[in-house]
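Data first, discussion second: the structure below is written as structure tokens.
Number of protein chains: 2
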Amino acid sequence: MPLSSAEAFAPATVANLGVGFDILGLAVDGAGDTIRAELTATPGVVIREIVGDHGKLPRDPLKNTAGIAAAAVLKAVNASSGMALTIHKGLPLASGLGSSAASAVAGAVVANALLGEPLTRDQLLEHALEGEAAVTGYHADNIAPCLYGGITLSYGVTSGEIVRLPVPEGLHLALITPHIEVLTAKARAVLPANVPLKTMVAQTAGVARLIHAIYQGDVAQMAAAMETDTVVEPARSHLIPHIAEARRLAKEAGALALVISGAGPTLCAVCDHADAALLTAQAVTALYEDAGIGADRRVGTVLASGAYVI
Amino acid sequence: MPLSSAEAFAPATVANLGVGFDILGLAVDGAGDTIRAELTATPGVVIREIVGDHGKLPRDPLKNTAGIAAAAVLKAVNASSGMALTIHKGLPLASGLGSSAASAVAGAVVANALLGEPLTRDQLLEHALEGEAAVTGYHADNIAPCLYGGITLSYGVTSGEIVRLPVPEGLHLALITPHIEVLTAKARAVLPANVPLKTMVAQTAGVARLIHAIYQGDVAQMAAAMETDTVVEPARSHLIPHIAEARRLAKEAGALALVISGAGPTLCAVCDHADAALLTAQAVTALYEDAGIGADRRVGTVLASGAYVI
Numbered sequence: 001m002p003l004s005s006a007e008a009f010a011p012a013t014v015a016n017l018g019v020g021f022d023i024l025g026l027a028v029d030g031a032g033d034t035i036r037a038e039l040t041a042t043p044g045v046v047i048r049e050i051v052g053d054h055g056k057l058p059r060d061p062l063k064n065t066a067g068i069a070a071a072a073v074l075k076a077v078n079a080s081s082g083m084a085l086t087i088h089k090g091l092p093l094a095s096g097l098g099s100s101a102a103s104a105v106a107g108a109v110v111a112n113a114l115l116g117e118p119l120t121r122d123q124l125l126e127h128a129l130e131g132e133a134a135v136t137g138y139h140a141d142n143i144a145p146c147l148y149g150g151i152t153l154s155y156g157v158t159s160g161e162i163v164r165l166p167v168p169e170g171l172h173l174a175l176i177t178p179h180i181e182v183l184t185a186k187a188r189a190v191l192p193a194n195v196p197l198k199t200m201v202a203q204t205a206g207v208a209r210l211i212h213a214i215y216q217g218d219v220a221q222m223a224a225a226m227e228t229d230t231v232v233e234p235a236r237s238h239l240i241p242h243i244a245e246a247r248r249l250a251k252e253a254g255a256l257a258l259v260i261s262g263a264g265p266t267l268c269a270v271c272d273h274a275d276a277a278l279l280t281a282q283a284v285t286a287l288y289e290d291a292g293i294g295a296d297r298r299v300g301t302v303l304a305s306g307a308y309v310i
Numbered sequence: 001m002p003l004s005s006a007e008a009f010a011p012a013t014v015a016n017l018g019v020g021f022d023i024l025g026l027a028v029d030g031a032g033d034t035i036r037a038e039l040t041a042t043p044g045v046v047i048r049e050i051v052g053d054h055g056k057l058p059r060d061p062l063k064n065t066a067g068i069a070a071a072a073v074l075k076a077v078n079a080s081s082g083m084a085l086t087i088h089k090g091l092p093l094a095s096g097l098g099s100s101a102a103s104a105v106a107g108a109v110v111a112n113a114l115l116g117e118p119l120t121r122d123q124l125l126e127h128a129l130e131g132e133a134a135v136t137g138y139h140a141d142n143i144a145p146c147l148y149g150g151i152t153l154s155y156g157v158t159s160g161e162i163v164r165l166p167v168p169e170g171l172h173l174a175l176i177t178p179h180i181e182v183l184t185a186k187a188r189a190v191l192p193a194n195v196p197l198k199t200m201v202a203q204t205a206g207v208a209r210l211i212h213a214i215y216q217g218d219v220a221q222m223a224a225a226m227e228t229d230t231v232v233e234p235a236r237s238h239l240i241p242h243i244a245e246a247r248r249l250a251k252e253a254g255a256l257a258l259v260i261s262g263a264g265p266t267l268c269a270v271c272d273h274a275d276a277a278l279l280t281a282q283a284v285t286a287l288y289e290d291a292g293i294g295a296d297r298r299v300g301t302v303l304a305s306g307a308y309v310i
């Protein structure tokens, strides 16, 4: 039965996990986007308000990730009514925290909630992907952990090709977002078109080690495996100033690894206790403040549930 | 305390497991090489006899994988005595069943046994690798499962970079070795020097899915993941006649996947019960017999223990 209004939250996500470029991701407890939907008699989606985007996101529902995802849900169930969305952006845009994925997933989940949950989570995947596709292309590496929660492996873009991995106990993250802009398109353009076969073997070895470590619940080994990427991060490092120094400071503060979150500029430090995450976040933020760049920081664990109705 | 004689068995191994080129391998229950060592007063290694190699292996202990591995063990412990080896080859040469690795591992293990087990299994790794290096280069993908048993992931060539993965229950293998020669050097030469980045991502996804399936104990998913290789097997398929037909027949007989074992020509079919493995081995062998090529067949499960002293 349709409701008159509903609200959904979708979390920030860290894609890639270093060596797992385009296939691995995790959901972060804490930060995320919240969308409120109200039932309207007019079919289709309108965007009533967007808060927290500094006016940067399109208000046209056909060009907005959340609007596209919500409209896809309405269409999938042949809804006769429509909805008006109020979007609260809790995540900075183009930051490497899966901001567009969070809006797309929240849009799909809130639309489904408003209509009385006619669709399963697996069915919502496709509609959330449609929203994401409008911004960054048809990728599941942020959408999957945002929708399903935990740590996800996506070897395709259908629900049958996405699996949830166990979450190692004691895994704590520090996320530092320097105040610079890294466009996803540019971050993709700097990647090599080809890699040597030996490099491919090393990358598969690193990913295999990472999945093994995740199943073993071994945070230290997980962190070491994440840092074995020799393809993507080396190509992108120059887009993020002071990254080598940030890694050094993170490790001094107790972090076990530091990688680029998604396409950056957010840096994700892996820790095995909360204090180390806090100290790491402080130390790396201070580095960017001292450099006149500035940075936001977040600390958190992995969100097991994925996006949820509030 | 040194013994007057000792005997060791080292199993056949399947390297690569399809998509896990150069990093994954497993030990097979049943077939393998057996080496007997007798203590001699003269330092160093002599090879007394090799049975089952049709006279093809070098009798010079400095050029023989087992001789090199055994001599490396003698040297590592500064042994004042020597040993004479009698090598029973249970595995065909250059067949993709890890024949040289089995001899190297058996040589290291029997030498250690003869000397009263002064070295740990981790220490034997290095010496077995020295033996293998004489034939196929410094690779651990056959040595690791042969020495440690089970399914192994090698992300380097030291004991700290090799991990054992769980063995899914119900995993049965059919190994069919057509009577053709595929030299490892040639099988390596046909590989592409570079791969597109997209292909690397797909290969990492396939490996991640395979490790996940192994941990889930899901033989069907494991088999599906093994067959996702788009780099190595496509480049090598032309070296193994009738491979597409062999795969078709294997699946008709109940196999879930068929991949090239190591550098070939042995084909490894993955099954979830013993009957399917037997039927698959018969069907694929018949294919090669009908084609006038002929083939040997073996069926078995994964050997958990690795090489052992008899």
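Line by line, the protein sequences give chains H and P. Counting in the working numbering, the first sequence runs from 1 upward without gaps. Counting in the working numbering, the second sequence runs from 1 upward without gaps. Quick reminder that beta carbons are idealized off the backbone N, C-alpha and C, glycines included.
The beta strand (DSSP E) enclosing residue i, as first and last residue numbers
i       : result
H47(P)  : As written in the sequence, residue 47(P) is Ile, which differs from the His given in the question. Segment 44 to 51, the beta strand (DSSP E) holding I47(P).
P11(P)  : 5 to 15
I87(H)  : 82 to 88
T177(P) : 172 to 178
Host alpha helix (DSSP H) of residue i (start-end)
i       : result
P145(P) : 143 to 148
A94(P)  : Per DSSP, A94(P) belongs to no alpha helix (DSSP H) and is neither H nor E.
T285(H) : 274 to 290
V28(H)  : Premise fails: V28(H) lies in the beta strand (DSSP E), 24 to 40, not in any alpha helix (DSSP H).
D122(H) : 121 to 136
I211(P) : 197 to 216
Inter-residue spacing [alpha-carbon to alpha-carbon] between residue i and residue j
i       : j       : result
T177(P) : G160(H) : 35 Å
A205(H) : L165(P) : 14 Å
I87(H)  : P43(H)  : 19 Å
N112(P) : L210(P) : 35 Å
V270(H) : C146(H) : 19 Å
S100(P) : A27(P)  : 14 Å
S95(P)  : T266(P) : 6 Å
L303(P) : G149(P) : 6 Å
A283(H) : E126(H) : 40 Å
N142(H) : I243(H) : 22 Å
G32(H)  : A274(H) : 20 Å
V163(H) : V182(H) : 29 Å
P11(P)  : D29(P)  : 7 Å
E38(H)  : G156(P) : 56 Å
L191(H) : Q203(P) : 17 Å
D272(P) : A71(P)  : 41 Å
M83(P)  : V105(P) : 16 Å
H139(H) : M222(P) : 24 Å
C268(H) : I23(H)  : 17 Å
Spatially closest choice to residue i from the options, by CA coordinates
i       : options                           : result
P92(P)  : A84(P), G254(P), L175(P), E49(P)  : L175(P)
A295(H) : T280(H), Q123(H), D272(H)         : T280(H)
A133(P) : A189(P), V190(P), G67(P)          : G67(P)
P168(P) : A213(P), E117(P), I35(P)          : A213(P)
G131(P) : H172(P), V182(P), L62(P), T13(P)  : L62(P)
N220(H) : G170(H), A283(H), D29(H)          : In the sequence as presented, Asn is not what sits at residue 220(H); that position holds Ala. Nearest of G170(H), A283(H), D29(H) to A220(H), Cα basis: G170(H).
E289(H) : G306(H), P241(H), V14(H), V299(H) : P241(H)
V14(P)  : V195(P), D29(P), M1(P), L97(P)    : L97(P)
I180(H) : G292(H), S4(H), M1(H), Y308(H)    : G292(H)
A8(H)   : V299(H), P192(H), S103(H)         : S103(H)
G217(H) : K186(H), I151(H), A185(H)         : I151(H)
G264(H) : A187(H), A286(H), P2(H)           : A187(H)
Proximal residues of chain H, C-beta to C-beta of residue i below 7 Å
i       : result
D275(P) : Those within 7 Å of D275(P) in chain H number zero; the least Cβ separation is about 28 Å.
H212(P) : L153, V163, L165, I211
Y215(P) : Y215
Cross-chain neighbours of residue i in chain H, by beta carbon under 8 Å
i       : result
I23(P)  : V201, T204, A205, A208
N194(P) : N194, V195, P196, L197
Where residue i meets chain P, residues with beta-carbon distance less than 7 Å
i       : result
G18(H)  : By Cβ distance, chain P contributes nothing, its closest Cβ being about 12 Å from G18(H), past 7 Å.
L191(H) : L197
Residue-level contact to chain C via CB, residue i, 8 Å cutoff
i       : result
V231(P) : As a matter of chain content, chain C is missing from the structure shown, whose protein chains are H and P.
| query | Is there contact here, the segment 211 to 228 of chain P with the segment 254 to 270 of chain P, by at least three beta-carbon pairs under 8 Å? | reply | Three or more beta-carbon pairs separated by less than 8 Å link the segment 211 to 228 of chain P to the segment 254 to 270 of chain P, which places the two stretches in contact.
| Sufficient close CB pairs (3 or more, under 8 Å) joining the segment 49 to 57 of chain P to the segment 117 to 136 of chain P | No, because fewer than three Cβ pairs between the segment 49 to 57 of chain P and the segment 117 to 136 of chain P fall closer than 8 Å, the two stretches do not touch.
| Within the chosen definition, does the segment 236 to 249 of chain P reach the segment 67 to 85 of chain P through at least 3 CB pairs nearer than 8 Å? | Taking 8 Å as the limit for Cβ pairs, the verdict is that the segment 67 to 85 of chain P does not touch the segment 236 to 249 of chain P.
| query | Pairing CB atoms from the segment 234 to 241 of chain H with CB atoms from the segment 17 to 30 of chain H, are three or more of them under 8 Å? | reply | Short answer: they don't touch.
| message | Tell me whether the segment 189 to 207 of chain H and the segment 272 to 279 of chain H touch, counting them as touching only if at least three CB pairs, one residue from each stretch, are closer than 8 Å. | response | No, the segment 189 to 207 of chain H is not in contact with the segment 272 to 279 of chain H.
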